[in-house]
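Single-structure report; data block below.
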Ligand SMILES: [Zn+2]
């Protein structure tokens with residue numbers, strides 16, 4: 563892409579923006595592209611030139627089918643872009659995801675801990691009628707073994723799934739009046755590919 567690393571003028575992006583739905587977050591100085599279907603991701607791989615120059619200012623949001631089919635190719639073609647999965651939508655609930663270079667929920671010394679231990683939770687939803695509250699944390703275990711309710715495991719930075727869970731806390735509260743549970747869960751995991759820490763908060767109702 564040559565020695566000029568500055569982003570292209572917005573006019574250069576117009577032909578691709580009509581095809582690929584680029585959103586320019588002007589106030590933040592970055593470009594968000596997508597969410598891409600598998601076909602959209604394939605198209606992007608053929609038309610990368612002006613977008614590659616955006617480097618870390620480019621965020622590519624891709625649907626699960628696009629990641630399954632093209633994640634490795636997208637990472638190779640846009641190595642400096644953020645590659646993000648479309649966050650899941652919970653029925654009767656909310657899901658908030660964030661990604662940072664350091665852990666936000668696990669303690670800073672988490673690497674010195676056993677892989678996965680139980681400790682006292684902060685019990686976000688607990689009162690006298692509460693059902694349960696559990697906090698587990700550690701140096702990390704594969705996600706499939708972490709036994710979280712809302713098992714979402716894609717890295718928020720590179721959309722990889724080689725992640726280790728380092729923190730999970732959940733609590734549940736039953737409402738007799740509505741005959742339903744309110745469920746709260748916070749999860750944090752480390753990406754073994756790019757080293758970033760992704761965490762999310764999920765709240766949902768269930769029978
Ligand atoms: Zn990652």
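Numbering (the working numbering), first residue to last: 563 to 769. Glycine included, every Cβ here is placed at the ideal spot set by N, Cα and C. Since the model is a prediction, treat every value here as computed from it, not as a measurement.
Residue environment analysis places residue 679 among the exposed positions, since fewer than 16 neighbouring C-beta atoms fall within 10 angstroms of its C-beta.
Annotation: residue 616 to residue 592 spans about 8 Å, alpha carbon to alpha carbon.
If you draw a straight line from the Cα of residue 737 to the Cα of residue 640, it comes to about 48 Å.
For residue 757, the distance from the CB to the nearest heavy atom of ligand 1 is below 8 Å. Per the coordinates, the alpha-carbon of residue 761 lies some 20 Å from the alpha-carbon of residue 767. Assigned with DSSP and collapsed to three states, residue 662 falls in strand. For the stretch 607-661, the full-length beta strand (DSSP E) segments reaching 3 residues or more read 620-624 and 644-647 along the chain. A distance of 9 Å or more separates the beta carbons of residue 705 and residue 743. Here residue 721 really is in contact with residue 629; their C-beta atoms are around 5 Å apart, less than 8 Å.
Within 10 angstroms of the beta-carbon of residue 746 lie 16 or more other beta-carbons, which makes it buried.
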